[in-house]
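Using this note's numbering, read the sequence shown as starting at -10 and increasing by one per residue.
For each residue, glycine too, the CB sits at the ideal point set by N, CA and C.
In this text the structure is predicted, and so the values were computed from the model without any measurement.
This report refers to the structure that appears directly beneath it.
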Amino acid sequence: MYRLGSIYAGVFSLVVGFIVVLGWLFDIALFKSLLPGLATMKANTAFTFILGGGALISFNPPATQRWQHSGLICATVMTLLGIVTLAQHILGWNLGIDQLVFKDPQTAPAAFPGRPSLSTAFNILLTGTALLLIGLRRTRWSQIPALLAGAIGLVALLGYLYGVSSLYQVSLYSSMAVHTALTFMILNLGILFAYPDTGMMRVFTDKGTGGMTARRLLPTAVLIPAVIGFLIDRGMNASMFDIYFALALFAVASIAIFTGVIWWNARAIAESEMARQGMEAAKQESDEQFKVIFDESLDVIMIVDGQKGIILHSNAALEWTLGYAVETLVGSHFSTLFPKDPDLSRDEFMNHIHTYGHIFLSQSFQRNDGSVALMDLTAQIIPWNQDRAVMVTLRDVTERKRMEEEILKSEMLRIELEKDREFLNLKEEFIATVSHDFRTPLTVILTSSEILENYYERLTPDRRKEQLGRIRQQVFYMKELLDDVLILSKDRLQVDFKPSPLTLDQFCKGLFETIRLTNGGKHRFIFRSEGEFDSLPMDEKLLQRILVNLLTNAVKYSPNGGDVCLELSREDNTVLLQITDQGRGIPPEKMARLYEPFLRGNNTADIPGTGLGMAIVYQSVRAHGGTIDVQSVVNQGTTIKVRLPV
């Protein structure tokens, strides 16, 4: 607030200086002297106000170094101008600087035209010196010439107020103008406000009772006598009373007003003191509560020096938690409690605190008996005895960590039991599924064989062929089922990958044709091949498992017909096998577990199967070092892309 007032004072001085310069430039009497008959502010005085205002603004933070240098130059020029003008008055010189820019024809010939008065020149010197001292970082000493210059301006202003010319006029033609006196007062007040925390100004800006009293009494001490004196002077000029009554009236009015001001100030101080006592009582109560919490806490609480890391204070929990007596550790560095190989070093700990203001971690600490305890450490910066310290809280979590480990072990054991139970369930499901799937074809074989045995002579050749075909079909199905079971049991252990040169397109086309011939014309089969596929290193058996399972699934799960397409293409060092159907699709909830054995979709209950096909495909593709990607939409179809490196 004070420094903002300092900037405003500098701006006021600049504005007044520029207005008066304009008055001299365009011969505007109102700008040079506020009223007709009053002394004019000389052009050189106006220039010094421009220099002084600019310097004061430049010295106020956050001014750059360049601005401060500019302010120092302005203050130096102002001081030199004051010295030269004062020397002209004292030594009777006329150096020609008074009308260097503007002529002053209204001044009497006996005087020095355009020259500021003796008191004005002295004030220019004082004000320039004060600004120069600020620029030289001598802010404490700058307040003395500023106070003196402001007092001279106040005396001149009172002279105008009371009509006493001797207070502002040195000789008949050497007077300080009224706006010159006012500007000196404001500019030097701004100089005092520039650094309010140093020198004499510290008394007035202090936040304590003394500063508050000074701020309240000083304006009263300056303004009240001036106002009372002005009113009494007006009364005497109007012949309302004589000099004796005027003196008595001045004394009574001053006593009454100052008594009221003192009472008002004393009341404010009393209220402030009561508030302070209330705050101290609340602080004392808070300190007592903190002391109770501090002393009775089960956690270790230590106060550590924020710069040196020295333990300043600790509660009794230090002794029963880590085994150290408090008095033995106070004065030691906090890192004394760290083990030989700490998780966070001494320097890292202090750097983290100063960077972030707080820290939380689990750290090992050395007990007095040599054992190590795992502690949760919380630290943060707090105010402490007019300074800053670090409050460190330690909570022993050794037992908690042990219990967590026990819980973790129990959870791992539970997971293992769940896995064993899942394996047993899977085994039972496998036995039940295989038993069911074997029972069905065996029943068909038994029935067909009994028909052939009991009714062979009565059956036509076509019917005999039909029954034999049914037996052959069920035998083939049982063989396929056994192959799947054997493959799965081997794949769970290890799949042997034995590549050999293979003409891939011919191999795929032959398998595709076999599947088509056994279909009976229910589907439309489409085979496409693009690229060179001669002598590719691939495992024929594994590839057959992949294609047979994927193609038979495409046929099996498309009971209403549609297209079954196998596309073969080459992508650099990769072969792409793409199988597409227009069948029932795979439910989204089954996609994540697609390669688990015995998993079947809930939309395939009416279609026989073991749920082993995709598991066998996955194992075979992985043995090739390839990848498989499945995209499916329920009731629209499925597209499976198998990429195999070659």
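Does residue i come out as helix, strand or coil in the three-state DSSP assignment?
i	result
VAL211	helix
LYS643	The question about residue 643 has no answer here: the residues shown for the chain are numbered -10 through 635.
ARG517	strand
HIS512	coil
GLU585	coil
TRP309	helix
PRO490	strand
THR503	helix
VAL635	coil
PRO185	coil
ILE371	strand
ARG356	coil
ARG55	helix
ALA(-2)	helix
LEU555	strand
Restricting to Cα atoms, I'd like to know which of the options is closest to residue i.
i	options	result
TYR184	GLU407, ARG(-8) and LEU120	ARG(-8)
THR128	GLN158, ASN83 and ASP186	ASP186
ILE180	GLY41, ASN304, TRP253 and LEU311	GLY41
GLN36	TYR607, SER22 and ILE113	Per the sequence shown, the amino acid found at residue 36 is Phe instead of Gln. Among TYR607, SER22 and ILE113, the Cα nearest to that of PHE36 belongs to ILE113.
VAL544	ARG356, ARG559 and ILE504	ILE504
GLY71	THR116, PHE514, THR198 and LEU61	THR116
GLY550	ILE17, GLU578, ASN624 and ASP231	ASN624
LEU565	THR432, ASP618 and PHE247	ASP618
THR367	VAL379, GLU446, ASP358 and ASN508	VAL379
GLY359	GLY312, SER351 and PHE323	GLY312
PHE91	CYS63, ILE575, GLY81 and ALA32	ALA32
LEU301	CYS554, MET263, ARG377 and GLU442	ARG377
LEU601	VAL610, VAL241 and LEU583	LEU583
ALA235	THR209, VAL250, ILE217 and SER108	ILE217
VAL10	ASP93, ASN49, PRO51 and THR68	ASP93
GLU521	GLN495, MET229, ILE292 and ASN508	GLN495
LEU506	THR541, ALA237 and LEU178	THR541
ASN374	GLU394, ILE292, ASP336 and SER243	ILE292
THR387	LEU156, ASP231, LEU431 and SER353	SER353
Please tell me whether residue i and residue j are closer than 9 Å, where the distance is taken between their beta carbons.
i	j	result
THR74	PRO102	no
ARG636	PRO548	In this structure the chain extends from -10 to 635, so residue 636 is not present and cannot be described.
GLN456	ILE440	yes
ILE299	VAL381	no
ALA28	THR169	yes
ALA552	HIS613	Inspection of the sequence shows that residue 552 is occupied by Asp rather than by Ala. No, they are not a contact pair.
GLY626	THR569	yes
ALA306	LEU287	yes
MET364	ARG384	yes
VAL153	LEU147	yes
SER(-5)	PHE38	no
GLY188	SER131	yes
HIS341	GLY295	no
SER324	PHE338	yes
LEU45	LEU143	no
ILE258	ILE213	no
ILE460	SER437	yes
LEU500	VAL631	no
ASP523	LYS487	no
ALA604	GLU578	no
LEU435	MET467	no
Report, in whole angstroms, the separation of the C-beta atoms of residue i and residue j, which I expect to be a contact under 8 Å.
i	j	result
THR563	PRO634	6 Å
TYR149	VAL167	5 Å
HIS78	ALA110	6 Å
PHE193	LEU207	7 Å
CYS63	GLY43	5 Å
GLN355	VAL361	6 Å
LEU80	GLY124	About 28 Å; that fails the 8 Å criterion.
PHE20	GLY26	The pair is not a contact, with the Cβ atoms about 16 Å apart (cut-off 8 Å).
ASN304	PHE283	5 Å
THR616	VAL610	7 Å
THR198	SER261	6 Å
SER108	MET165	5 Å
GLY139	MET174	5 Å
message: Check whether the segment 113 to 121 and the segment 132 to 146 touch, using three or more Cβ-Cβ pairs below 8 Å as the test.
response: The segment 113 to 121 vs the segment 132 to 146: in contact.
- request: Tell me, please, whether the segment 267 to 277 touches the segment 310 to 324 by the rule of three or more beta-carbon pairs shorter than 8 Å.
  value: Short answer: they don't touch.
message: Tell me whether the segment 276 to 296 and the segment 250 to 265 touch, counting them as touching only if at least three CB pairs, one residue from each stretch, are closer than 8 Å.
response: Too few Cβ pairs lie closer than 8 Å, so no.
query: Are the segment 488 to 499 and the segment 525 to 533 touching, with three or more C-beta to C-beta distances below 8 Å?
result: Yes, since at least three Cβ pairs between the segment 488 to 499 and the segment 525 to 533 fall closer than 8 Å, the two stretches touch.
task: Please confirm if the segment 556 to 571 is in contact with the segment 506 to 526, defined as three or more CB-CB distances below 8 Å between the two stretches.
output: Segment contact: the segment 556 to 571 against the segment 506 to 526, three or more CB-CB distances shorter than 8 Å; contact assigned.
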